[in-house]
Amino acid sequence: MTVNYNLQLSNSKPWALFLILLRWRGSIWKLVLIELVIFLLMFLSINMFLNHIVPDNTRKIAAEITQWFKSQETFKMIPIEFMLGFLVQAIITRWQKMIHDIGFIDSLSLTVAGYIHGNTDYNRMIRRNIVRYVCLAQVLASRDFSIAVRKRFIFGFMLPHEKEKFDQVDCNFGSKYWLPVQWSLSIVHKSRREQLIDSDYYCERICEEIRSFRNNLASLCKFDWVPLPLAYPQLVYLAIHVHFFIILISKQEIIPPVAQSNTTEMPSTAAILHRWIPLTPAIQFFFYMAWTKLAMVLINPFGEDDDDFETNALIDRNFKVGMRIADGTSDDVPKQLKDSFWNRNIEAFYSEQSIRINKKQDGLVGSATKFAEPCDVKQVLMIPLKRNSIGSISNSSSYQMNVRRRSPRHTNDGNTTNIGRCIPKDAVKGVASAVTTGEYAAHISSPSLCRAKKSSASIPINEESCHVNHGYTTNVEGNVDYHHKFIIRKSKIDNDGMQAVYLLSRTKKYMRLT
285 MTVNYNLQLS NSKPWALFLI LLRWRGSIWK LVLIELVIFL LMFLSINMFL NHIVPDNTRK
345 IAAEITQWFK SQETFKMIPI EFMLGFLVQA IITRWQKMIH DIGFIDSLSL TVAGYIHGNT
405 DYNRMIRRNI VRYVCLAQVL ASRDFSIAVR KRFIFGFMLP HEKEKFDQVD CNFGSKYWLP
465 VQWSLSIVHK SRREQLIDSD YYCERICEEI RSFRNNLASL CKFDWVPLPL AYPQLVYLAI
525 HVHFFIILIS KQEIIPPVAQ SNTTEMPSTA AILHRWIPLT PAIQFFFYMA WTKLAMVLIN
585 PFGEDDDDFE TNALIDRNFK VGMRIADGTS DDVPKQLKDS FWNRNIEAFY SEQSIRINKK
645 QDGLVGSATK FAEPCDVKQV LMIPLKRNSI GSISNSSSYQ MNVRRRSPRH TNDGNTTNIG
705 RCIPKDAVKG VASAVTTGEY AAHISSPSLC RAKKSSASIP INEESCHVNH GYTTNVEGNV
765 DYHHKFIIRK SKIDNDGMQA VYLLSRTKKY MRLT
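Taking the numbering used here, I'd label the letters of the sequence shown as residues 285 to 798.
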């Protein structure tokens, strides 16, 4: 009885959801129509009773009660959204688990047909009886939790002598749907002893499929045995009805006695509509009651509602498909011929109508494959990744704090030098980077770091394309950015230009992809 509407939602066109709203079977219109009509009739009946039947004194008291409800906003004190949300969430979780546990016989039947070979009547009978007993267990279990299956008279699942055997088993503590499962397992072990099953592994695989099917049946029975606590749906159902009972009183428009006796003044059309047509309360009642009815439908999906599970259809399908699979064997396959793409490249073919849709779709590729990588990269520089500990990567700030500062020393010629991490003069290779700090400049080399006790290297000045930002330099060589942290101290000035001695604390290299 499940209502399927997936075909109407095969695309997201604007009118797709609108067409679904026009459906009747399984719709909210069908669920809420009776309750909505009752609500409107009660609202109009109370209105007519208070305005045209009760005496004036009683009408004044009713008007005061109505005004008190409006001033207190009592109908807002009940957290309906909170309670309904948790109830529907709990029910949908159970409903999804029930769908997962609905048993299909296909896997078991294919395993039986694949592992029990032979075309004789006896072998065929063994395969069919194993499948039939498992289907019988499903019927017996479904009769306990599905009223639709209980009302149906199912024929052909049990033979007369099996019925006698079934009745002989004394079971005073519950249903006996486990008995056909035991019969099927006994037949499997008997077939193994008779060498109808080639190995113990095949025997265990068949038994595992039978146990898995039985576990799903047991799970469905447990959902029926232990429903949600009764107080939870009672609480929500009572809160909904109390809420709208208060609305029935608080939203009434009672005509005062003085205004009623004044026959010369006619009420406006808006006042009449507001008095006799409760539009806002009706809309609120419709959505809250639809939400509640949805929860009530899902709480027992094995009933007779439009959206309940097709239990009878599942039983019929399992029996027909399972017996048909058991009739065949693993040797009953088509003649083996070369396929249509033998020694050919496999091309995907589509109909002329479907190609218009599928040609716009991307293949099963990752999103990063669309990144445009540079084609002119000739060299990639790699540096080791330094870690402070396992799982933690040292960043630039923590590295700078750990750099050891050493006091300057004086050379024999009176010039100041620094001891620490440095780049010696003989490390200058290839195209060098230009570093500058205001009036001082140094021409530094490749970004490798070295350790030295003294640094008295004098490096020629080059003031080409360089940038300084708070003690860091950034220069570009090809596709590589060099970032240097440095300290430059004045050394001496000769005829060739200014020279400097510097301390390089760290060099970073970045590959720029353009």
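Think of the CB as a built atom: it goes at the ideal place given N, C-alpha and C, for glycine as much as any other residue.
Applying the 10 Å Cβ sphere with the 16-neighbour rule, what's the burial state of residue i?
{"i": "Trp575", "result": "buried"}
{"i": "Ile499", "result": "Note that residue 499 is Asn in the sequence shown, not Ile. It counts as exposed."}
{"i": "Phe603", "result": "buried"}
{"i": "Val629", "result": "It is worth fixing the name first, because residue 629 is Asn in this sequence and not Val. Under this definition Asn629 is an exposed residue."}
{"i": "Asp340", "result": "exposed"}
{"i": "Ser468", "result": "buried"}
{"i": "Lys662", "result": "exposed"}
{"i": "Asp660", "result": "exposed"}
{"i": "Gly650", "result": "exposed"}
{"i": "Phe327", "result": "buried"}
{"i": "Arg343", "result": "buried"}
{"i": "Gly458", "result": "exposed"}
{"i": "His419", "result": "Rather than His, the amino acid found at residue 419 in this sequence is Cys. Flag for Cys419 reads buried."}
{"i": "Asn584", "result": "buried"}
{"i": "Val520", "result": "buried"}
{"i": "Val664", "result": "exposed"}
{"i": "Pro562", "result": "buried"}
{"i": "Arg476", "result": "buried"}
{"i": "Asp600", "result": "exposed"}
{"i": "Cys706", "result": "Unreliable placement is indicated for Cys706, whose pLDDT of 36 sits below 50; the coordinate value is still reported in the next sentence. Burial call: buried."}
{"i": "Ser355", "result": "exposed"}
{"i": "Asp482", "result": "exposed"}
{"i": "Ile410", "result": "buried"}
{"i": "Val287", "result": "exposed"}
{"i": "Ser638", "result": "exposed"}
{"i": "Met666", "result": "exposed"}
{"i": "Ile641", "result": "exposed"}
{"i": "Thr377", "result": "exposed"}
{"i": "Phe586", "result": "buried"}
{"i": "Asn295", "result": "exposed"}
{"i": "Ile383", "result": "exposed"}
{"i": "Asp454", "result": "exposed"}
{"i": "Asp592", "result": "buried"}
{"i": "Phe770", "result": "Confidence at Phe770 is low in this model, with a pLDDT of 44, below 50, so the placement of that residue should be treated as unreliable; the coordinate-derived value is given next. Counting Cβ neighbours within 10 Å, Phe770 comes out buried, since at least 16 surround it."}
{"i": "Val321", "result": "exposed"}
What does DSSP give as the partner residue(s) for residue i in the beta ladder?
{"i": "Ile481", "result": "Ile400"}
Mind reading off the beta-carbon distance from residue i to residue j? Whole number of angstroms is fine, and I expect it under 8 Å.
{"i": "Ala652", "j": "Val415", "result": "Actually they do not touch by this definition, with Cβ atoms about 49 Å apart."}
{"i": "Pro565", "j": "Ile531", "result": "5 Å"}
{"i": "Val605", "j": "Ile389", "result": "6 Å"}
{"i": "Asp385", "j": "Ser503", "result": "4 Å"}
{"i": "Phe528", "j": "Phe323", "result": "7 Å"}
{"i": "Gly310", "j": "Asp590", "result": "4 Å"}
Tell me whether the beta-carbon of residue i lies closer than 9 Å to the beta-carbon of residue j.
{"i": "Leu480", "j": "Gly402", "result": "yes"}
{"i": "Gln536", "j": "Ala300", "result": "no"}
{"i": "Ile494", "j": "Leu392", "result": "yes"}
{"i": "Leu325", "j": "Lys577", "result": "no"}
{"i": "Glu319", "j": "Phe569", "result": "yes"}
{"i": "Ile539", "j": "Thr350", "result": "no"}
{"i": "Leu501", "j": "Gly387", "result": "yes"}
{"i": "Ala425", "j": "Cys491", "result": "no"}
{"i": "Phe497", "j": "Gln422", "result": "yes"}
{"i": "Ala579", "j": "Leu293", "result": "no"}
{"i": "Asn331", "j": "Arg559", "result": "yes"}
{"i": "Met607", "j": "Arg434", "result": "no"}
{"i": "Phe353", "j": "Ile533", "result": "yes"}
(request) Check whether the region 370–385 touches the region 456–465, taking contact to mean three or more Cβ pairs, one atom from each stretch, closer than 8 Å. (result) Flag = no, the region 370–385 and the region 456–465 do not touch.
(message) Closer than 8 Å is the cut-off here; do at least three beta carbon pairs connect the region 332–345 with the region 607–625?
(response) With a cut-off of 8 Å, the region 607–625 and the region 332–345 do not count as touching, because too few Cβ pairs lie within range.
(request) Assess, as a yes-or-no matter, whether the region 513–528 is touched by the region 360–368 under the definition of 3 or more beta carbon pairs within less than 8 Å. (result) Flag = yes, the region 360–368 and the region 513–528 touch.
(request) Could you say if the region 441–450 and the region 482–490 meet the contact criterion of at least three C-beta pairs nearer than 8 Å? (result) They do not touch, by the three-pair rule.
(message) Does the region 586–606 come into contact with the region 419–434, if we say contact requires no fewer than three beta-carbon pairs (one atom in each stretch) closer than 8 Å?
(response) They touch, by the three-pair rule.
(message) Does the contact criterion of 3 or more C-beta pairs under 8 Å hold for the region 433–443 versus the region 502–520?
(response) No, the region 433–443 is not in contact with the region 502–520.
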